[in-house]
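Here the structure comes first, spelled out in structure tokens, and everything after it is commentary.
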Amino acid sequence: MNRLVPVILAALAGAAALAATAYEPNSEPLPVAADWKARAGAWFESADAEARKTQMRGITRAMRQPCKYCHTPDFSGYTDKLLVSQQMMALTAEHGVPCGDCHAGKNQLTDLGVTSQAMWTIAREKKVFCEECHVKGERFGKLTPAGERYKPEWEKRRPSLGVPAPAVATPPAEKAPAPTP
Ligand code: HEC
Ligand code: HEC
Ligand code: HEC
Numbered sequence: 017m018n019r020l021v022p023v024i025l026a027a028l029a030g031a032a033a034l035a036a037t038a039y040e041p042n043s044e045p046l047p048v049a050a051d052w053k054a055r056a057g058a059w060f061e062s063a064d065a066e067a068r069k070t071q072m073r074g075i076t077r078a079m080r081q082p083c084k085y086c087h088t089p090d091f092s093g094y095t096d097k098l099l100v101s102q103q104m105m106a107l108t109a110e111h112g113v114p115c116g117d118c119h120a121g122k123n124q125l126t127d128l129g130v131t132s133q134a135m136w137t138i139a140r141e142k143k144v145f146c147e148e149c150h151v152k153g154e155r156f157g158k159l160t161p162a163g164e165r166y167k168p169e170w171e172k173r174r175p176s177l178g179v180p181a182p183a184v185a186t187p188p189a190e191k192a193p194a195p196t197p
């Protein structure tokens, strides 16, 4: 019974997961052709350079990585994290889920991040981006028709992709029927 307590707490906390899981930061960008610069650009709340720097600091906090993780030291160019970061900024802007909901510090993912890691694998296989199966602006809480169709497959695959099925609250044990004399 007590095993359910953390599950309930996690549900209450919503996206803000309580535990973090380590990951290898070797993710390749998804093989999807798009104007990633434009889609990432939608993440910025302002065109002002100072405001953009301030907003960028939110990334360094969520990921516990310095600016030079993605920018060259003189800020004239980018490291090999450019494309994957643009895709991340795009999904954050389009689905309304900030970096810190999935990234919990250096090489650490929240529970939502762990599910998204499995999703990243699925999206790579299908060569699609998240909006194929998730309605934009709904924080991944609403599936498109393609997402609904994928659900049975996801339920089958999730354990092998490292995402255990959610704990189902077990109903209180039935009282054994009184023995008939
Ligand atoms: C995880 C990767 C990452 C980190 C860490 C990061 N950035 Fe960025 N930054 C990007 C990406 C990607 C863009 C957008 C590139 C594009 O599509 O034009 C960007 C854009 C910017 C821009 C806007 C440039 C423009 O053309 O308007 C500024 C300013 C900036 N970053 C400053 C910083 C500063 C300062 C830090 C550290 C506090 C930082 N960034 C940390 C990935 C990162
Ligand atoms: C919905 C969840 C989610 C959101 C939101 C999210 N990320 Fe990610 N991010 C992931 C997952 C999952 C990976 C892949 C981890 C792996 O398997 O390597 C990842 C990987 C990355 C990587 C490459 C791996 C690394 O650590 O170098 C970068 C860079 C990154 N994210 C930056 C960002 C930035 C910046 C934001 C916010 C603008 C962001 N992410 C928002 C889930 C998310
Ligand atoms: C082929 C379809 C498909 C694609 C592509 C896909 N998803 Fe999903 N996603 C699903 C399904 C199905 C679920 C399970 C929904 C459910 O159980 O109701 C799900 C669940 C999720 C959840 C958990 C939502 C929650 O509230 O627990 C997150 C987060 C998520 N996906 C993120 C992503 C991200 C990020 C991408 C893009 C990299 C992505 N998904 C791409 C089908 C997809």
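Plus 16 on top of the position in the sequence shown (first one is 1) and you've got this note's numbering. Glycine is no exception: its CB is placed at the ideal position from the N, C-alpha and C atoms.
query: Neighbourhood of Cys83 by C-beta distance below 8 Å, restricted to the same chain and skipping five residues each side; result: Met72, Thr76 and Phe91
query: Closer than 7 Å: Gln81 CB and nearest ligand 1 heavy atom; result: yes
query: Same chain, Cβ closer than 6 Å to Ala106, five either side skipped, listed in chain order; result: Arg55 and Ala56
query: Arg108 burial status per 10 Å Cβ neighbour count (16 or more: buried); result: It is worth fixing the name first, because residue 108 is Thr in this sequence and not Arg. With 16 or more Cβ atoms within 10 Å of its Cβ, Thr108 is classed as buried.
query: 7 Å CB neighbourhood of Val126 in its chain, flanking five on each side removed; result: Checking the sequence, you will find Thr at residue 126 rather than Val. Ala33, Ala36, Asp117, Cys118 and Ala120, listed in sequence order.
query: N-terminal and C-terminal residue of the alpha helix (DSSP H) that Thr137 is part of; result: Asp127 to Lys142
query: The alpha helix (DSSP H) enclosing Cys83, as first and last residue numbers; result: It is not in any alpha helix (DSSP H) - Cys83 carries neither H nor E in the DSSP assignment.
query: For Ser43 and Val100, believed in contact at Cβ under 8 Å, the rounded distance; result: 6 Å
query: Residue from Gly163, Thr95, Leu46 and Glu110 with nearest C-alpha to Phe60; result: Glu110
query: Ala29 versus Ala58 - alpha carbon distance; result: With a pLDDT of 49 at Ala29, under the threshold of 50, the modelled position of this residue cannot be trusted; read the value that follows with caution. If you take the alpha carbons of Ala29 and Ala58, they lie about 28 Å apart.
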